[in-house]
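Quick note, the sequences are listed as chains A and B, same order. Residues in the first sequence are numbered consecutively from 160, following the numbering used here. Residues in the second sequence are numbered consecutively from 235, following the numbering used here. Glycine is no exception: its CB is placed at the ideal position from the N, C-alpha and C atoms. Contents: one structure, followed by commentary.
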Amino acid sequence: MNTALSWIKAYVPDLDCTPQEYLDALTLSGTKVEYFENLDKNLSKIVVGQIKKIDRHPDADKLVICQVDIGSEVIQIVTGATNVFEGAKVPVVLDGGRVAGGHDGSPLPENGIPIKAGKLRGVDSFGMMCSIEELGSTRDYYPEAPEDGIYIFKDDVTVGDDAIEVLGLHDTVFEYEITSNRVDCYSVLGIAREAAVTFNKKFNMPDNTVKGNTEDVNDYVSVEVIDTDLCSRYCARVVKNIKLGPSPEWMQRRLAASGIRPINNIVDITNYVMEEYGQPMHAFDLDQVEGHKIVVKRAKDGEKFMTLDGQERTLDSEMLMINDAGKAIGIAGIMGGENSKITDDVKTMLFEAATFNGANIRKSAKRLGLRTDASGKFEKGLDPRNAIEAINRACALIEELGCGEVVGGVVDVCAPLKDLNKIEFRPTRINDLLGTDIDADTMLDIFKRLELEYDASTNMITIPSFRQDLEGIADLAEEVCRFYGYDKVPSTLPSGEATTGKISFKSRIEQKAREVAEYCGFSQGMCYSFESPKVFDKLLIDKDDVLRQAITISNPLGEDFSIMRTISLNGMLTSLATNYNRRNKDARLYEMANIYLPKSLPLTENPDERMQFTLGFYGNGDFFTMKGVIEEFFDSIGMKGKLNYDPKAGKPFLHPGRQANIIYEGGVVGFLGEVHPEVLDNYNIGTKAYVAVLDMPTIVPHATFDRKYEGVAKYPAVSRDISMVAPKDILVGDIETVIRQRGGRILESLSLFDVYEGSQIKAGFKSIAYNITFRASDRTLEESDISAAMKKILNGLEGMGIELRQ
Amino acid sequence: MKDKLEKIKNDALAAINSADKLETLNETRVNILGKKGELTQVLKGMKDVSPEDRPKIGQLVNDTRAEIERVLEEATVKLERVIREAQMKSEVIDVTLPAKKNAVGHRHPNQITQEEVERIFVGMGYEVVEGPEIETDYYNFEALNIPADHPAKDEQDTFYINDTYLLRTQTSGTQVHVMEQGKLPIRMIAPGRVFRSDEVDATHSPSFHQIEGLVIDKHITFADLKGTLAEFAKELYGEDIRVRFRPHHFNFTEPSAEMDVSCFKCGGSGCRFCKGTGWIEILGCGMVHPNVLRMSGIDPEEYSGFAFGVGLERIALLKYEIDDMRLLYENDERFLKQF
Chain A
160 MNTALSWIKA YVPDLDCTPQ EYLDALTLSG TKVEYFENLD KNLSKIVVGQ
210 IKKIDRHPDA DKLVICQVDI GSEVIQIVTG ATNVFEGAKV PVVLDGGRVA
260 GGHDGSPLPE NGIPIKAGKL RGVDSFGMMC SIEELGSTRD YYPEAPEDGI
310 YIFKDDVTVG DDAIEVLGLH DTVFEYEITS NRVDCYSVLG IAREAAVTFN
360 KKFNMPDNTV KGNTEDVNDY VSVEVIDTDL CSRYCARVVK NIKLGPSPEW
410 MQRRLAASGI RPINNIVDIT NYVMEEYGQP MHAFDLDQVE GHKIVVKRAK
460 DGEKFMTLDG QERTLDSEML MINDAGKAIG IAGIMGGENS KITDDVKTML
510 FEAATFNGAN IRKSAKRLGL RTDASGKFEK GLDPRNAIEA INRACALIEE
560 LGCGEVVGGV VDVCAPLKDL NKIEFRPTRI NDLLGTDIDA DTMLDIFKRL
610 ELEYDASTNM ITIPSFRQDL EGIADLAEEV CRFYGYDKVP STLPSGEATT
660 GKISFKSRIE QKAREVAEYC GFSQGMCYSF ESPKVFDKLL IDKDDVLRQA
710 ITISNPLGED FSIMRTISLN GMLTSLATNY NRRNKDARLY EMANIYLPKS
760 LPLTENPDER MQFTLGFYGN GDFFTMKGVI EEFFDSIGMK GKLNYDPKAG
810 KPFLHPGRQA NIIYEGGVVG FLGEVHPEVL DNYNIGTKAY VAVLDMPTIV
860 PHATFDRKYE GVAKYPAVSR DISMVAPKDI LVGDIETVIR QRGGRILESL
910 SLFDVYEGSQ IKAGFKSIAY NITFRASDRT LEESDISAAM KKILNGLEGM
960 GIELRQ
Chain B
235 MKDKLEKIKN DALAAINSAD KLETLNETRV NILGKKGELT QVLKGMKDVS
285 PEDRPKIGQL VNDTRAEIER VLEEATVKLE RVIREAQMKS EVIDVTLPAK
335 KNAVGHRHPN QITQEEVERI FVGMGYEVVE GPEIETDYYN FEALNIPADH
385 PAKDEQDTFY INDTYLLRTQ TSGTQVHVME QGKLPIRMIA PGRVFRSDEV
435 DATHSPSFHQ IEGLVIDKHI TFADLKGTLA EFAKELYGED IRVRFRPHHF
485 NFTEPSAEMD VSCFKCGGSG CRFCKGTGWI EILGCGMVHP NVLRMSGIDP
535 EEYSGFAFGV GLERIALLKY EIDDMRLLYE NDERFLKQF
């Protein structure tokens, strides 16, 4: 919301502060001022001049030489403008002055463009006559300005006067950020009231007394509200003998500062009062209102209606319409109809100020895709008591500005008004909430300035209808605090029972995962939770795979963000692709974030949000690098149990021969593998990539930070090498299982030191070599212990069809 | 005999002094003092010496032996030093050659910021809790005093799944889950991912993170809120930071405020970074609205509390002077490695 300071001062005449002081004070009392702009910031030394004489330029066809009276003297100015004439009063920037815009559209230097005396084609020129653009505005806000040329003043201005003043540009426009609870502050009066309380100055409401003629409005129009649930008040007044014309300059300037283009007196008054009171109004041409009757009711489904912007709209049965005796003439609170709009021929006009249901207007505007200034105000939920005040103000202005004859009386169809809210005055409770020691009188003074009436006999505060945000004692505490000063409230720390800071076990395990990933060279990425349904195809996931059962967002930003991910790999592969395509030599990334698995679709209960520890890399490393990271992680969280890798993981997005489920104590806790070449193609990754996904909810129950010291071996170890030739399809993991089982308690460790397939070995076989270490914790092992264990191991391996090489 | 000993000694000293290798010295030691060495041989010849001369000769042999051993020891130490020095000289390296670093990964700036905030509040006795990202309308809005049809719902541009379920627009719903458990007092923070339907640009993302804080106890005041958050700001930005509280509006708090900190770039004098105001908006906060307490089964006459919500990305972007929010979700290693 933008408002000129001059407009605020119209109601708070004693306001005396710099724009910066105003900004600071209002911001700290709760009406946040985003910024201000001095309209004259780029302008200086601009006066009203009058052209006395115009001569041709001797050396330039397109230039003329003007003698301009600037009050103190007559100066010579050369101009190329074509709309100048002798006798015209024009803004003149003098030598050393500044203007806000040039002809060439180049960016404006700070503090405007300096103007200096000089020669134009050899003829002296001591200043410049200005267009409205050079004065920093546009024809939108100064409709009387010519399309191309010098701004010409009306004849009643005085030569030599400050032209910036005459144009109303010695003003400051403030932009406010109004919070949604302060419906009253979406109006100039609301802000002026806040300013008055903030600076402790007197606040004057404008005069809205309507004289009215002796006629009765009820003889002109009748109003029937059928859908009272959507329209709690409908006020109508009639103006006849309308004299359309421009509105006065002060009104045009104030509207322009608010960003509203002046049109004519009737439209401008409507807009002016909408800004001033925050109450939108509508004007109908009464001669177009059939039966001179207004009926407020819901539309029919599928009904078509032409709004005054010439667009045909399709209505539905939840949209409220303003009708006459035979047809719809406006969409309530949103936009009037083409069929009843004010034209230049208007003679008699019907003014409407109504209170519509905010939520209904909001939804209707949304469905129509038609959000207007009016609907924006209505949707906040307006005060029905304000409607009558506003319509009277508009009619008072019509009389004041001589735009027509207001017919006596108001048609006011109004549901019973709610009683004003009353809140018990409890100063102790307010101080308890704030942690302050403010005395009751100070509080009551603040309430008085805010127009909250205190009745000492009942100890109740009466809340005016425009402050519908004040419901209870906490709200009163805020009012006190705002004007007492948030900065004056002391800073303390909570007293009371001490509590222990805690981080959950789950979070600590996740923390450990991050640490291990980072030690292993992986940097943390973050991906979106929603993605495109096309990712399943990119990942080669089966048409009927359960992963495709994803939660769909009903109003996504687009298909690419429309489903909640059920697998974390798309984010990882997309990120790897980004790195690859930016020619980063290698990349190692991890992510710790949720996937969302619905328990049922459509969603009827909270889905399973599963934290996934996802790792991915390309460049230096292979499958076993990734496997190493996983085992480092398991070690770090005390997972010392039985760990297996099952190559039959069945992941379509991984290389069929280079993937495995990670099995811990018999249960799948994740998977890893090399990304399938086709998937790499789908993501435009031109090199091998490896990924792993660990399902944290499955892992966390296995994790522990408990450690028991096991002693450092005192007795010597004995090691043996064995070498074997095994059929190719026997997994090393299975061989190790046999060695461990058969080696018994004295087997301390085993390490694979060679795997070979090739010309030295017969086809279909591989050679494998292990170093096995034996140790007992309580004695030095005898040769007989070792040979017994080795024999069992060798027998076991032979049983698998493995040949031992001695 | 005496001459023989003298000769052995002189030969030995000459050999020792001319030696330039430890091996040579060792050879000398063996040749003279070893089992079959010359001096040992002399001792073996003692049986031929007359008994009355034996002590004198014995003394002479021992002196000779001691003298040779002493010189030998000195020469060894000296030679060892020379050799060590030569070795050091030959091993000089160019210390300006590149370091061999372990390729350690880096944590995401959001995560670092989150952990920083967690550290501060855990230190003040807060528990870190988590809530669901797919939330019901009740927890995200209604229980926070945002009833159906309230315009605040529109302000938050919610992603809906259906009439009941939505992607949470704020972590505030986690407050309600904790309050409903009925364990008082409460001091908690709830970090997490939230969603709003903003198109992606330099300052917006449809998915971002918040940290919600909640304190409920008897006699909690607005002054406590100010003190706690001022403490937080000092921990986060340093002792010199100043804070200010401005009135604001949130449905679930009353009174409500926004907290600004003095611009950490210019110190408050006004610069481009703080748009000339000297202040930077950091978080929203307020006293928990009595309706919210009541809905969660807490008597607002007995208990009071404050809540606050911090935008993690906002803190991180400001702290690290990141000028484009999209960088946070692209996961370019050249970006991530800077943190």
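Check: Span of the alpha helix (DSSP H), counted from its first residue to its last, around Asn995 of chain A; Outcome: Outside the shown range of chain A, which is 160 to 965, sits residue 995 of chain A, and nothing can be said about it.
Check: Members of the stretch 709-728 of chain A that neighbour chain B once the beta carbon cut-off is set at 8 angstroms; Outcome: Ile710, Thr711, Ile712, Ser713, Asn714, Pro715, Leu716, Phe720 and Met723
Check: Interface residues of the stretch 618-652 of chain A facing chain B [CB-CB below 7 angstroms]; Outcome: Gly631, Ala633, Asp634, Ala636, Glu637, Cys640, Arg641, Tyr645, Asp646, Val648, Pro649, Ser650, Thr651 and Leu652
Check: Through-space distance from Phe584 of chain A to Gln179 of chain A, alpha-carbon basis; Outcome: 35 angstroms
Check: Per-residue DSSP class, three states only, for Thr403 of chain B; Outcome: coil
Check: Runs of alpha helix (DSSP H) wholly within the stretch 760-820 of chain A (minimum 4 residues, chain order); Outcome: 782-795
Check: Proximity below 7 angstroms, CB of Val877 of chain A to CB of Ile927 of chain A; Outcome: no
Check: Same chain, Cβ closer than 7 angstroms to Gly260 of chain A, five either side skipped, listed in chain order; Outcome: Leu267, Glu292, Glu293 and Gly295
Check: Leu748 of chain A: contacting residues in chain B (beta-carbon distance under 9 angstroms); Outcome: Gly339, Asn565, Glu567 and Leu570
Check: Boundaries (first-last residue) of the beta strand (DSSP E) holding Pro886 of chain A; Outcome: Val877 to Pro886
Check: Chain A within 7 angstroms of Asn209 of chain B, Cβ atoms only; Outcome: Because chain B is modelled from 235 through 573, residue 209 of chain B falls outside the range shown and cannot be assessed.
Check: Beta-carbon gap between Val206 of chain A and Ile213 of chain A smaller than 7 angstroms; Outcome: no
Check: Cβ of Tyr373 of chain B within 7 angstroms of any chain A Cβ; Outcome: no
Check: Whole-number beta carbon distance between Phe443 of chain A and Ile490 of chain A, since they are thought to touch under 8 angstroms; Outcome: So it is not a contact: roughly 13 angstroms between Cβ atoms.
Check: Residues sharing a beta bridge with Gly826 of chain A, DSSP; Outcome: A:Tyr823
Check: Host alpha helix (DSSP H) of Glu970 of chain A (start-end); Outcome: This structure cannot settle anything about residue 970 of chain A, because the visible part of chain A is limited to 160 through 965.
Check: Per-residue contacts from Pro761 of chain A into chain B (C-beta, under 7 angstroms); Outcome: Asn396
Check: In chain order, each beta strand (DSSP E) run of at least 3 residues that lies wholly inside the stretch 280-367 of chain A; Outcome: 282-284, 286-288 and 331-336
Check: Beta carbon of Thr310 of chain B nearer than 7 angstroms to that of Leu247 of chain B; Outcome: no
Check: Classification of Gln293 of chain B by the beta-carbon crowding that lies within 10 angstroms, buried from 16 upward; Outcome: exposed
Check: Within chain A, partners of Val205 of chain B - CB distance below 9 angstroms; Outcome: Absent from the model: residue 205 of chain B. The displayed extent of chain B is 235 to 573, so no value can be given.
Check: Residues near Gly502 of chain B in its chain [Cβ-Cβ closer than 6 angstroms; skip 5 each side]; Outcome: Ser496 and Gly512
Check: Of the residues A:Ala395, A:Asn580 and A:Gly256, the one placed nearest Met508 of chain A, counting alpha carbons only; Outcome: A:Ala395
Check: Straight-line gap, Val316 of chain B to Ser252 of chain B (C-alpha atoms, nearest Å); Outcome: 14 angstroms
Check: Min CB distance Ala518 of chain A to chain B below 7 angstroms; Outcome: yes
Check: Distance between beta carbons of Asn344 of chain B and His443 of chain B, contact taken as under 8 angstroms; Outcome: 6 angstroms
Check: Cβ neighbours of Pro419 of chain B in the same chain (closer than 7 angstroms, five flanking residues each side left out); Outcome: Ile450 and Asp451
Check: Same chain, Cβ closer than 6 angstroms to Lys191 of chain A, neighbours up to 5 away in sequence not counted; Outcome: Glu336
Check: C-beta atoms of Gly829 of chain A and Ile821 of chain A nearer than 7 angstroms; Outcome: yes
Check: For Thr241 of chain A, the nearest candidate out of A:Leu963, A:Gly230, A:Arg215 and A:Met883 (CA to CA); Outcome: A:Arg215
Check: Arg667 of chain A, enclosing alpha helix (DSSP H) - first and last residue; Outcome: Phe664 to Tyr678
Check: Residues of the stretch 674-706 of chain A with Cβ closer than 8 angstroms to any Cβ of chain B, in chain order; Outcome: Ala676, Glu677, Tyr678, Cys679, Gly680, Phe681, Ser682, Gln683, Gly684, Met685, Cys686, Tyr687, Ser688 and Phe689
Check: Simplified DSSP state of Ile597 of chain A, which is helix, strand or coil; Outcome: coil
Check: Minimum C-alpha distance to Arg263 of chain B - residue among B:Glu308, B:Asp282 and B:Lys236; Outcome: B:Glu308
Check: Under the three-state DSSP convention, the category Thr298 of chain B falls into; Outcome: helix
Check: Proximity below 7 angstroms, CB of Ile368 of chain B to CB of Pro766 of chain A; Outcome: yes
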